[in-house]
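Novice: Sharing a structure with you now.
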Amino acid sequence: MHAVLLAATIPLFLGGLLSDIAYYSNYDVQWNNFAAWLIAGGMVFTGLALLSSLIDLFRARGRRKQALFTVVLLLVTFALGLVNSFVHVRDAYGTMPDGLILSAVVTVAAILATWVGFSSLRTGVTP
Amino acid sequence: MNRSSLLAAAALASLLTACDNSDPGSDPGSDPGPSAYGANPQLPEQEHGLLPSMKIAEPAQWGGKKPTVPDGFTVTAIATDLGIPRQTLVLPNGDILVAEGRGGGAPPLRPKDFIAGIIKAKGTTSVKSGNRLTLLRDKDGDGVYEERTVFADKLNAPYGLALVNDQLYVANQDALVRFSYHEGQTRADGPPVKVTDLPSYINHHWTKSLAASADGRFLYVGIGSNSNITERGMPAEADRAMIWEIDAQTGAHRPYATGIRNPTALAIQPGTGKLWAVVNERDELGPNLVPDYLTSVRDGAFYGWPYSYWGQNVDPRVQPQDPQKVASAIQPDYSLGAHVAALGVAFSVPAMGGRFADGVFVGEHGSWNRNVPSGYKVVFVPFRDGAPAGPPVDVVTGFRGDDGKTYGRPVGVTVDPKGALIVADDLSNTIWRVTSNNRTPTAEAPSRPDTAKP
Chain A
684 MHAVLLAATI PLFLGGLLSD IAYYSNYDVQ WNNFAAWLIA GGMVFTGLAL
734 LSSLIDLFRA RGRRKQALFT VVLLLVTFAL GLVNSFVHVR DAYGTMPDGL
784 ILSAVVTVAA ILATWVGFSS LRTGVTP
Chain B
30 MNRSSLLAAA ALASLLTACD NSDPGSDPGS DPGPSAYGAN PQLPEQEHGL
80 LPSMKIAEPA QWGGKKPTVP DGFTVTAIAT DLGIPRQTLV LPNGDILVAE
130 GRGGGAPPLR PKDFIAGIIK AKGTTSVKSG NRLTLLRDKD GDGVYEERTV
180 FADKLNAPYG LALVNDQLYV ANQDALVRFS YHEGQTRADG PPVKVTDLPS
230 YINHHWTKSL AASADGRFLY VGIGSNSNIT ERGMPAEADR AMIWEIDAQT
280 GAHRPYATGI RNPTALAIQP GTGKLWAVVN ERDELGPNLV PDYLTSVRDG
330 AFYGWPYSYW GQNVDPRVQP QDPQKVASAI QPDYSLGAHV AALGVAFSVP
380 AMGGRFADGV FVGEHGSWNR NVPSGYKVVF VPFRDGAPAG PPVDVVTGFR
430 GDDGKTYGRP VGVTVDPKGA LIVADDLSNT IWRVTSNNRT PTAEAPSRPD
480 TAKP
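These protein sequence lines map, in sequence, to chains A and B.
When we follow my numbering, the leftmost residue of the first sequence carries the number 684, and every step to the right adds one.
When we follow my numbering, the leftmost residue of the second sequence carries the number 30, and every step to the right adds one.
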C-alpha cells in the first residue's frame, strides 16, 4: 500500500513539471491549469505516503534509520510541494518562473523519497 | 539523525518565511494614504506573494441599526427583502425601478477556483436571484414607498437600466432588451423585445452596465473581462473588457472604448453629455494595487487591460506582452483607491444641496483582496468645471461595523432629481434612501433630459 502511494507521486509531479515547461515556452494557459491539478494530485499522494511512512517508522524494528530518512524526504517534498501549490494559485504567467523551478525541485524530491522509501520497504519485509 | 532533522527544520522554516512574506499584516503600507486618490495616485511596487491578502466580509443583520450619513441627512430603508438589488433607476414620475439578480456562475477551472469560490461566497448574500425588476412607488410624497410591484420578471440577471422616451432598456447578463413604458405604469405590458445579444460566454464578470446617450440614439453597455488577468486564456477575452456603443434603433454595435477591465457602472454627465464610468481593476498585485477608477470615457481609447494598468505600468502576468498596445494605453481620470470595488456611479443635482451639489456619488461594494478592508461605503467625488476636484468625501458609511461584521454592501447609486440619493445594498437586500433634512420644497430639480443613468 505504501509503495502504491509513493509510486503515484512521481508521475503526478513529473506531469506538473512537463506542463510547466510547456506553459513557460508556449504561453498556452491550459498547461498552467494542467500543472495546478497535477501538483494538487501529487500533494494528495505525498500526504498519504507521509502518513503511511510515519506508521512504518513506528512499526519498524531493524531499519529505523532508512524509515526515518523516508519520512524526512517526504516531509521536504510535501513542504516544497505546498509552496509550489501556492505559487500555482497565481493567475496566468504570475506562476512563472517560480512555479517551473519549484516543480523541478519537487519532482527531484519525490524521486528521492520514492527511491529511499522503496529500498526501506524491501529491507523491511526481510527481517 | 541530526542532519535529517536539520533538513526538515530548514524546509519548514523556508515554508514559514515564504508564507510570512505574503502576510499583509506585516505590510506597513496596508492602509491607503491620501496619495491613493485622485488624478495622480502613487502606485507602489507590485507584490507577488504566495497567497493574496484577503479579508472576506462577515455578514450580519442590520437589526435596528442603519448606515451612517452626514449631519443634516437622514437615511431610511424604503424596500427590504429584495432578490439581490444591484442597480436602480428613478423614473420621471418618481417611481424607482430596481434590477435584482445574480449572474455569472463561471465553472471552476483550477483547484484555486473551488476554494476561492467557497471563501468568497461567504461574503455575499445567500438569497435566491430575483431575476426581475421591482417598482417602488411613494404615492403621497412622504418618503415612504408604500407601493411595490413586480414590473417584469423571468429576466436573466438584469443589471443596467436606462429610460429613453417611452422605451425602458434593461441590460441582462446575456442580452440588451427593451420594454415599452408609459408614465405611471406598474407592470410591463409583456415580455421584453431583444435589442441585441451581449457577450456572455463564461461571464466571469457578468454585470452589464448601461447608459443612454443624451440624445437617446445610442446605448452604452459596459462588458467586464472574462478573468482577473487572462488566466482563462486570451480567446475567452474576445469582446470583453470594453464598452459597446449600440444603436438603439438597429441594435448594431461597435467598441467605444477597450482595455477597460470591468466597467461596472456608466453615467452621462449632465450638460456635457460625456460618458463616465467606474471601473474595477485587477487583483493579486498587493493591497494597494491596482486602483479602481472613475473616468470620462474617450471614444476609441484603450485603457490598458490586460497588458498594463494606469497607463503604461506593465503587468508581467500577461504573456506574451504587447508593447504597442501598452504604448497606446491612456491614464484614467481619477483613482478611487485599490480594491474598493466601485459598482455604482451617479451625477449629483443641485437639489442635493451644499457640498454635494456638483460631483458624482460612487457606491463601493468593498474589498476582499486586502487585509485592511477598503470601500464598503458610498463616497462623493466633488467636481469643478466638469472634472473631479478634490479627495472623495464619505457619504454613506457604517456598512462595516467596528465589530468587524458587515451589515450591507452598496452597489448601484442613483440620484432622484428631487434631491435624494438611492443606494442598492445587495448584502442585506435593501434599498436605502438618503435625504437632506433641510430640503426646501422649492428646490425643484432643473428639467432633466429624457435619458437616465443605470
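Ideal Cβ placement from N, Cα and C applies to all residues, glycine included.
Source: prediction; values computed, not measured.
Under three-state DSSP, which class holds B:Ala358?
Specialist: Along the second sequence, read from residue 1 onward, the residue named residue 358 of chain B stands at position 329. Looking at B:Ala358 - three-state DSSP - the assignment turns out to be strand.
Novice: Buried or exposed: which applies to B:Pro420, given that a residue is buried once 16 or more other Cβ atoms fall within 10 Å of its Cβ?
Specialist: Residue 420 of chain B sits at position 391 when you count from the first residue of the second sequence. So B:Pro420 ends up on the exposed side.
Novice: Checking contacts by CB at 8 Å: is A:Asp774 closer than that to chain B?
Specialist: Translated into the one-based positions of the first sequence, residue 774 of chain A becomes position 91. Yes, because at least one Cβ of chain B sits closer than 8 Å to the Cβ of A:Asp774.
Novice: Taking only beta-carbon positions, decide if A:Phe696 is within less than 8 Å of chain B.
Specialist: Reading the first sequence from its first residue, position 13 is the one you call residue 696 of chain A. With 8 Å as the cut-off, A:Phe696 does not count as an interface residue toward chain B.
Novice: Of all the options B:Pro349, B:Asp328, B:Gln348, B:Tyr322, which has the alpha carbon lying nearest to the alpha carbon of B:Gly340?
Specialist: Indexing the second sequence from 1 puts residue 340 of chain B at position 311. Among B:Pro349, B:Asp328, B:Gln348, B:Tyr322, the Cα nearest to that of B:Gly340 belongs to B:Tyr322.
Novice: How would you call A:Tyr706, buried or exposed, if buried means at least 16 neighbouring beta carbons within 10 angstroms?
Specialist: Within the first sequence, residue 706 of chain A is the residue found at index 23, counting from 1. Per the 10 Å Cβ criterion, buried.
Novice: Suppose the cutoff is 7 Å on Cβ atoms and the five residues either side in sequence are ignored; what does the same chain contact list for A:Leu688 look like?
Specialist: Against the first sequence, residue 688 of chain A aligns to sequence position 5. If we look at A:Leu688 and ignore the five residues flanking it on each side, its Cβ neighbours are Phe728, Leu731, Ala732, Ser735.
Novice: Can you check the stretch 109-158 of chain B for any beta strand (DSSP E) of at least 3 residues that lies completely inside it and give the ranges in chain order?
Specialist: As far as the stretch 109-158 of chain B is concerned, its whole beta strand (DSSP E) runs of at least 3 residues are 114-119, 125-129.
Novice: Where DSSP assigns a beta bridge to B:Tyr249, which residues make up the other side?
Specialist: In the second sequence, counting from the first residue as 1, residue 249 of chain B sits at position 220. In DSSP, B:Tyr249 forms a bridge with B:Ala240, B:Glu274.
Novice: Could you work out which residue in B:Gln196, B:Ala181, B:Asn160, B:Thr153 is closest to B:Ser396 when comparing CA atoms only?
Specialist: Counting from 1 along the second sequence, the entry for residue 396 of chain B is found at position 367. Nearest C-alpha to B:Ser396 among B:Gln196, B:Ala181, B:Asn160, B:Thr153: B:Thr153.
Novice: If we define contact as Cβ-Cβ less than 8 Å, is B:Lys354 a contact residue for chain A?
Specialist: Within the second sequence, the letter at position 325 stands for residue 354 of chain B. Closer than 8 Å: no.
Novice: Taking the alpha carbon of B:Ser229 as the reference point, which residue from B:Pro352, B:Asp328, B:Ala135 has its own alpha carbon closest?
Specialist: Here residue 229 of chain B is taken as the residue at index 200 of the second sequence, counted from 1. Between B:Ser229 and the set B:Pro352, B:Asp328, B:Ala135, the nearest pair of CA atoms involves B:Ala135.
Novice: Note down, in chain order, all residues in the stretch 70-95 of chain B with a beta-carbon under 7 Å from any beta-carbon belonging to chain A.
Specialist: His77, Leu79, Leu80
Novice: With a 10 Å radius around its C-beta and 16 neighbouring C-beta atoms as the bar for buried, classify B:Asp312 as buried or exposed.
Specialist: What you label residue 312 of chain B is simply residue 283 of the second sequence in a count that begins at 1. Counting Cβ neighbours within 10 Å, B:Asp312 comes out buried, since at least 16 surround it.
Novice: What is the DSSP secondary structure of B:Glu175, counted as helix, strand or coil?
Specialist: By 1-based counting over the second sequence, the position of residue 175 of chain B is 146. B:Glu175 falls in the coil class under three-state DSSP.
Novice: Over what stretch of residues does the alpha helix (DSSP H) that includes A:Thr729 continue unbroken?
Specialist: Translated into the one-based positions of the first sequence, residue 729 of chain A becomes position 46. Element bounds for A:Thr729: 712-742.
Novice: Would you give the residue range spanned by the alpha helix (DSSP H) that B:Asp455 belongs to?
Specialist: Indexing the second sequence from 1 puts residue 455 of chain B at position 426. From DSSP, B:Asp455 is part of no alpha helix (DSSP H); its letter is neither H nor E.
Novice: Whose Cβ in chain B lies nearer than 8 Å to the Cβ of A:Ala723?
Specialist: Numbered from its first residue, the first sequence carries residue 723 of chain A at position 40. The contacting residues are Pro140.
Novice: CA-CA distance, B:Pro446 and B:Val378?
Specialist: Along the second sequence, one-based indexing puts residue 446 of chain B at 417. Along the second sequence, one-based indexing puts residue 378 of chain B at 349. If you take the alpha carbons of B:Pro446 and B:Val378, they lie about 6 Å apart.
Novice: Applying a beta-carbon distance threshold of less than 8 Å, which residues of chain A neighbour B:Ile18?
Specialist: Examination of residue 18 of chain B is not possible in this model, given that chain B is present from 30 through 483 alone.
Novice: Rounded to whole angstroms, how far is the Cβ of B:Gly382 from the Cβ of B:Gly448, which I believe are closer than 8 Å?
Specialist: By one-based count along the second sequence, residue 382 of chain B stands at place 353. By one-based count along the second sequence, residue 448 of chain B stands at place 419. About 7 Å separates the two Cβ atoms, so the contact holds.
Novice: A:Val770 touches chain B at which residues, Cβ-Cβ below 8 Å?
Specialist: As a working mapping, residue 770 of chain A is identified with position 87 in the first sequence. Those within 8 Å of A:Val770 in chain B are Leu79.
Novice: Suppose contacts are defined by Cβ-Cβ distances below 8 Å. Is B:Leu239 in contact with B:Leu192 by that definition?
Specialist: As a first step, residue 239 of chain B must be located in the second sequence, where it is residue number 210. As a first step, residue 192 of chain B must be located in the second sequence, where it is residue number 163. For B:Leu239 and B:Leu192, no; Cβs fall outside 8 Å.
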